[in-house]
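S.K.: Here it is: the structure, laid out below.
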Amino acid sequence: MVRPDLGHVGVGPAPTLQASNLSRQFPPHRKAHLGTGISGSAAATMLSLHGWPAYLVVALLAFGESAIFVGFVLPGETAMVVAGVLAARGKISLRAIIAICASAAVLGDQVCYLLGRYVGPGLRRSRLGRRVGEARWTKAQDAVTRHGTWAVAGGRWVAVLRALVPTVARAIAMPYRRFVLANAVGGSVWAAGRC
Numbered sequence: 006m007v008r009p010d011l012g013h014v015g016v017g018p019a020p021t022l023q024a025s026n027l028s029r030q031f032p033p034h035r036k037a038h039l040g041t042g043i044s045g046s047a048a049a050t051m052l053s054l055h056g057w058p059a060y061l062v063v064a065l066l067a068f069g070e071s072a073i074f075v076g077f078v079l080p081g082e083t084a085m086v087v088a089g090v091l092a093a094r095g096k097i098s099l100r101a102i103i104a105i106c107a108s109a110a111v112l113g114d115q116v117c118y119l120l121g122r123y124v125g126p127g128l129r130r131s132r133l134g135r136r137v138g139e140a141r142w143t144k145a146q147d148a149v150t151r152h153g154t155w156a157v158a159g160g161r162w163v164a165v166l167r168a169l170v171p172t173v174a175r176a177i178a179m180p181y182r183r184f185v186l187a188n189a190v191g192g193s194v195w196a197a198g199r200c
């Protein structure tokens, strides 16, 4: 029987992730797919940050990933994983980065919800909305229609839903209080799970 390599399980310090090894793990030519990838140079740059610049970059990416359509191109979720590595190295506080990521993600969804109020159906028919694709819009609308607040809280774990659910929730008139509660719970659990 072949046993999988479980990494470092012995006594002593665990091996660290080196920025120089990132080019093999994240080749620069590899394109990000729906915000789930990150180039080696971007990861290396993020790993070199510490203190408030790290908090700012991760917050902007978490906000951007939660904002409509930006989540399709920005690596916010991957940035949060890198932030967890930075916290493990002692460069930033884990509690602080979780709170910042949760706040930024929730704020991004609030912006999307308000955007849905003013431009929801028109956005879906716009050039940008057509580029997202009718199938994705339908998937998001079906999720919110069937599952309501559960779709808002749980949709954050699915890249396509994360970007579309807040706008769809407003467009189909989900009450604001229900949206805020589900968004706060979902954003907090998501940030804690990703950092």
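For the sequence shown, this note's numbering gives the first residue as 6, with consecutive numbering after it.
Virtual Cβ for every residue (Gly too), placed ideally from N, Cα, C.
These figures come from a predicted structure and were not determined experimentally.
(1) Could you give the distance in angstroms between the alpha-carbon of A156 and the alpha-carbon of V170?
(2) Just checking, does the segment 159-179 make contact with the segment 135-148 on the three C-beta pairs under 8 Å criterion?
(3) Would the beta-carbon of L99 fall within 9 Å of that of C200?
(4) How big is the Cα-Cα spacing for R175 and R122?
(5) Classify V82 as buried or exposed, calling it buried when 16 or more other Cβ atoms lie within 10 Å of its own Cβ.
(6) Going by alpha carbons, who is nearest to G192 out of Y181, R161, L61, T172?
(7) Do T172 and G113 have their C-beta atoms closer together than 9 Å?
(8) Between the beta-carbon of I102 and the beta-carbon of L91, is there less than 9 Å?
(9) Using C-beta distances below 8 Å, list every residue in its chain close to Y60, excluding the 5 sequence neighbours before and after it, in chain order.
(10) Among G153, R136, V137, which has the Cα closest to the Cα of R183?
(11) Measuring only the C-alpha atoms, how far is M51 from L66?
M.R.: In this structure, then:
(1) Between the alpha carbons of A156 and V170 lies a gap of roughly 7 Å.
(2) Short answer: they touch.
(3) Cβ atoms of L99 and C200: closer than 9 Å.
(4) Roughly 6 Å between the two C-alpha positions.
(5) Before going further, note that residue 82 is Glu rather than Val in the sequence given. With 16 or more Cβ atoms within 10 Å of its Cβ, E82 is classed as buried.
(6) Among Y181, R161, L61, T172, the Cα nearest to that of G192 is on R161.
(7) No. Outside cutoff.
(8) Yes, Cβ-Cβ distance for I102 and L91 is below 9 Å.
(9) For Y60, same chain residues with a beta-carbon under 8 Å away, outside a window of 5 residues either side, are I97, A101, I102, I105 in chain order.
(10) Answer by Cα proximity: G153.
(11) Separation of M51 and L66 (C-alpha to C-alpha, rounded to the nearest whole angstrom) is 11 Å.
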